[in-house]
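Heads up, the sequence shown is in full-length UniProt numbering, so the first residue is 1 and it goes up one at a time.
Don't be surprised by glycine CBs; every beta carbon is placed ideally from N, CA and C.
To start, the structure itself, in structure tokens.
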Amino acid sequence: MALSASDVQTRALTLKRFWQRRDLKMKDWYEQIKMVDTLAQKDMESFVGNDPRASYNLVLSILNQKIPHRLPPAKLDVDQVRPATELSDMFDVIWMEMQESYRLRGRHLIDDIIKYLLATGWYSVFAAPTMDGAAFIAEAWNPITVYPRWSDILSECAHVFTPGVAAIQHMALRNGWVIRSGLADNTIVYDYWWVERSVTALEVHNSIMVGSEQVKVDTAHEEFDRIPIFIFPIGGLPDTGELAKGRRGDEWKAEIGQSFIATNENVYRTVNKWWTYMLQLVRDTAQARTFEKSPSSTQIVKPEEWYQRGAHFKMGPQDDVGFITPPTIPVELRQVQLDLEAMEQRGGPSWTMFGSVQQRMTAYAMSQVVATTNQIAKPYHNGIIDLVTDIDNFFYRMIKKKKFRPYGIGLPENLPPGVRLTAEYELRIPGDLIQRATTARMLNPEFELSDERIMAELFPEIKNPTEELANVRAGKARKNPVYATISLVEALKQEAQLLREAGDHEGAELFEKAAERAEQELTGEGQQQQQQQQQQKVRVRPENAAPRQPRTGEVR
Numbered sequence: 001m002a003l004s005a006s007d008v009q010t011r012a013l014t015l016k017r018f019w020q021r022r023d024l025k026m027k028d029w030y031e032q033i034k035m036v037d038t039l040a041q042k043d044m045e046s047f048v049g050n051d052p053r054a055s056y057n058l059v060l061s062i063l064n065q066k067i068p069h070r071l072p073p074a075k076l077d078v079d080q081v082r083p084a085t086e087l088s089d090m091f092d093v094i095w096m097e098m099q100e101s102y103r104l105r106g107r108h109l110i111d112d113i114i115k116y117l118l119a120t121g122w123y124s125v126f127a128a129p130t131m132d133g134a135a136f137i138a139e140a141w142n143p144i145t146v147y148p149r150w151s152d153i154l155s156e157c158a159h160v161f162t163p164g165v166a167a168i169q170h171m172a173l174r175n176g177w178v179i180r181s182g183l184a185d186n187t188i189v190y191d192y193w194w195v196e197r198s199v200t201a202l203e204v205h206n207s208i209m210v211g212s213e214q215v216k217v218d219t220a221h222e223e224f225d226r227i228p229i230f231i232f233p234i235g236g237l238p239d240t241g242e243l244a245k246g247r248r249g250d251e252w253k254a255e256i257g258q259s260f261i262a263t264n265e266n267v268y269r270t271v272n273k274w275w276t277y278m279l280q281l282v283r284d285t286a287q288a289r290t291f292e293k294s295p296s297s298t299q300i301v302k303p304e305e306w307y308q309r310g311a312h313f314k315m316g317p318q319d320d321v322g323f324i325t326p327p328t329i330p331v332e333l334r335q336v337q338l339d340l341e342a343m344e345q346r347g348g349p350s351w352t353m354f355g356s357v358q359q360r361m362t363a364y365a366m367s368q369v370v371a372t373t374n375q376i377a378k379p380y381h382n383g384i385i386d387l388v389t390d391i392d393n394f395f396y397r398m399i400k401k402k403k404f405r406p407y408g409i410g411l412p413e414n415l416p417p418g419v420r421l422t423a424e425y426e427l428r429i430p431g432d433l434i435q436r437a438t439t440a441r442m443l444n445p446e447f448e449l450s451d452e453r454i455m456a457e458l459f460p461e462i463k464n465p466t467e468e469l470a471n472v473r474a475g476k477a478r479k480n481p482v483y484a485t486i487s488l489v490e491a492l493k494q495e496a497q498l499l500r501e502a503g504d505h506e507g508a509e510l511f512e513k514a515a516e517r518a519e520q521e522l523t524g525e526g527q528q529q530q531q532q533q534q535q536q537k538v539r540v541r542p543e544n545a546a547p548r549q550p551r552t553g554e555v556r
């Protein structure tokens with residue numbers, strides 16, 4: 001039964017209300033990353049630290065690396081290596097084209113995905129082919145506007161957002177929508193997807209509303225084997241309400257996916273309060289409160305004159321001015337600061353990762369710093385791998401099923417059965433590889449890595465290490481003198497043939513003789529002849545010569 005406009009809107013709003021706690025928490029985290037000064041007061045000092053934003057930038061740079069799209073090399077036969085490389089190249093082209101299309105909007109696809117993931121603890125990407133399969137589309141959606149519901153699969157998903165009049169008009173023109181009602185910048189778009197299941201199959205449906213008008217009626221998309229929205233929580237807690245106490249049953253919706261700053265959320269707030277308090281004390285010391293004692297009602301010192309350099313004040317015998325002494329600053333404040341800084345680094349990246357090194361660090365200490373940073377980034381790193389892997393295999397299934405040729409490229413032949421691409425890549429944390437290799441050589445001086453492993457660690461963009469090693473060997477062969485001699489022989493023969501065709505037989509014979517001479521040197525015949533000639537020219541020493549026969553009539 002087709003859903004009506006009211007049904008679509010009701011279901012979408014129901015999903016949105018379900019995730020309301022999550023949305024509020026996302027805004028709290030983003031407020032901290034934006035460094036909003038929530039302690040600001042009029043005529044008072046306040047402070048907001050940059051640790052959340054600096055940590056965000058650091059983890060973003062670690063995660064944002066070139067992502068490969070390939071088949072696991074260990075599962076390939078020799079005759080499947082080249083088709084696997086061609087498949088990898090095909091998906092490189094697909095992602096390159098999608099990112100170029102996305103940049104036309106002034107955005108970067110992978111950057112947006114990782115930024116949303118770190119800020120909210122969720123990723124949300126719409127990915128699908130065009131109608132004719134000639135291209136693919138991927139859009140990073142703000143997770144706060146996407147509301148999923150899972151059973152054993154993603155069974156419902158609503159994208160509820162307010163793009164503005166210009167964006168709605170562009171979408172209507174691109175998709176052929178007819179919008180009869182008026183538009184405003186606060187007009188809400190309801191993009192609702194759901195799955196209808198039978199015993200043997202499932203069917204993906206979609207309907208879209210702009211405001212209260214249904215611009216896309218209930219439409220079945222038989223080309224999809226799943227809802228083409230990839231959404232998932234990352235980095236949160238496992239509970240879904242059963243472990244919560246009292247009335248906190250909805251808190252799990254804010255905790256199932258968490259921003260990377262969630263661990264330090266309260267620490268950052270406390271640090272801001274601590275520094276605000278310290279700055280206010282410093283200001284009170286520099287601009288202390290004052291008092292006047294005088295029997296007269298005339299003010300002795302005007303406020304605007306108090307801090308003038310070289311100011312001169314006249315007072316009577318009973319007059320007095322002075323400072324109101326504030327309470328002493330507790331000496332424990334310094335220890336509180338050190339404890340807070342230690343907490344920040346336990347829950348976030350160590351300050352050493354920013355280059356803040358006070359003294360020389362041992363290899364063990366550096367390895368601990370790297371391990372801590374890797375621990376923070378690991379859940380989000382795995383989330384990116386899972387997301388890109390799922391999109392790649394979704395695209396592959398559609399290309400194979402519908403015989404699509406995206407960007408004019410078809411699937412290569414001789415692919416292994418049960419193809420499943422992977423987007424797995426390693427994190428490149430500064431100093432990590434060097435420290436591990438150094439430690440390994442300390443434990444085992446004979447330790448070494450294969451060329452293939454070195455390529456995988458340092459050059460992940462090389463998809464076929466075997467082919468690259470063959471190219472290296474070919475390059476070395478070209479530098480060998482034997483290779484140069486072979487090239488010389490071929491060049492001389494070609495020149496001789498050209499001269500003979502031009503009628504210069506004498507010049508052709510000279511080039512042929514030169515080619516024969518070079519070829520003899522290559523096979524060793526020329527060297528043997530030279531050795532024989534040299535032996536014939538050797539002069540015999542007198543003491544080694546045979547006795548001379550006397551001449552006729554010569555007396556010995």
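>> Am I right that residue 16 and residue 160 are in contact with their C-beta atoms under 8 Å? What's the rounded C-beta distance?
In response: 5 Å
> Is the stretch 422-436 in contact with the stretch 82-90, if contact means three or more CB pairs nearer than 8 Å?
Replying inline: Too few Cβ pairs lie closer than 8 Å, so no.
> residue 10: which of 242, 158 and 407 sits nearest, CA to CA?
Replying inline: Taking only the C-alpha atoms, the option nearest residue 10 is 158.
> Is residue 322 helix, strand or coil when you go by DSSP?
Replying inline: DSSP places residue 322 in strand when its eight states are reduced to three.
>> Assuming contact is defined by CB atoms lying nearer than 8 Å, are residue 313 and residue 290 in contact in what I supplied?
In response: no
>> Going by the DSSP bridge assignment, what does residue 213 pair with across the sheet?
In response: 210
>> Measuring straight from C-alpha to C-alpha, what distance separates residue 211 and residue 156?
In response: 20 Å
> For residue 216, which option in 373, 3 and 462 has the closest C-alpha, if you only look at C-alpha atoms?
Replying inline: 3
>> Would the stretch 147-155 count as touching the stretch 56-69 if we require 3 or more Cβ pairs under 8 Å?
In response: The stretch 147-155, when compared against the stretch 56-69, does not touch it at the 8 Å Cβ threshold.
>> On the DSSP letters alone, give me the boundaries of the beta strand (DSSP E) that residue 195 sits inside.
In response: 189-197
> What three-state label does DSSP hand residue 40 in the structure shown?
Replying inline: Coil, per DSSP.
>> Here's a check: name, in chain order, each residue in its chain whose Cβ is nearer than 8 Å to the Cβ of residue 136, leaving out the five neighbours to either side.
In response: Correct list, in chain order: 94, 97, 98, 127, 128, 129, 130, 395 and 406.
> From residue 481 to residue 487, what distance separates their C-alpha atoms?
Replying inline: 10 Å
> DSSP on residue 347, reduced to helix/strand/coil?
Replying inline: helix
> Which one of 280, 204, 18 and 167 has the shortest CA to CA distance from residue 225?
Replying inline: 204
> Out of curiosity, what's the CA-to-CA distance linking residue 399 and residue 79?
Replying inline: 22 Å
> What is the rounded straight-line gap between the Cα of residue 141 and the Cα of residue 125?
Replying inline: 6 Å
>> Measuring only the C-alpha atoms, how far is residue 7 from residue 206?
In response: Cα to Cα, residue 7 sits roughly 12 Å from residue 206.
> Thinking C-alpha only, which one of 327, 109, 179 and 349 is nearest residue 372?
Replying inline: 349
> Alpha carbon to alpha carbon, how far is residue 121 from residue 351?
Replying inline: 23 Å
> Does DSSP classify residue 425 as helix, strand or coil?
Replying inline: coil
> When DSSP builds the beta bridges, which residues end up paired with residue 241?
Replying inline: Answer is none; residue 241 lacks a bridge partner.
> Does DSSP put residue 556 in a helix, in a strand, or in coil?
Replying inline: Model confidence at residue 556 stands at a pLDDT of 49, short of 50, so the residue's coordinates are unreliable; what they give is reported in the following sentence. DSSP places residue 556 in coil when its eight states are reduced to three.
>> When you compare the CB positions of residue 260 and residue 59, do they come within less than 8 Å of one another, or not?
In response: yes
> How long is the line joining the alpha carbons of residue 308 and residue 56, rounded to whole angstroms?
Replying inline: Going by the C-alpha atoms only, they are around 45 Å apart.
> Rounded to the nearest angstrom, how far is the Cβ of residue 32 from that of residue 265, given a contact under 8 Å?
Replying inline: 7 Å
> For the putative contact between residue 496 and residue 508, defined by C-beta atoms under 8 Å, what is the C-beta separation to the nearest angstrom?
Replying inline: The C-beta distance from residue 496 to residue 508 rounds to 5 Å, short enough to fall under 8 Å.
> Where do the N-terminal and C-terminal ends of the beta strand (DSSP E) with residue 110 fall, by residue?
Replying inline: Premise fails: residue 110 lies in the alpha helix (DSSP H), 109-120, not in any beta strand (DSSP E).
> Tell me which same chain residues have a C-beta within less than 6 Å of the C-beta of residue 292, skipping the five on either side of it?
Replying inline: Counting only Cβ-Cβ distances below 6 Å, and skipping sequence neighbours, we find 300 and 321.
> Apart from the five residues just before and just after residue 559, which ones in its own chain have a Cβ nearer than 6 Å to its Cβ?
Replying inline: There is simply no residue 559 to check, as the chain begins at 1 and stops at 556 in what is shown.
>> Closer than 8 Å is the cut-off here; do at least three beta carbon pairs connect the stretch 271-287 with the stretch 329-340?
In response: Contact holds: three or more Cβ-Cβ distances are below 8 Å.
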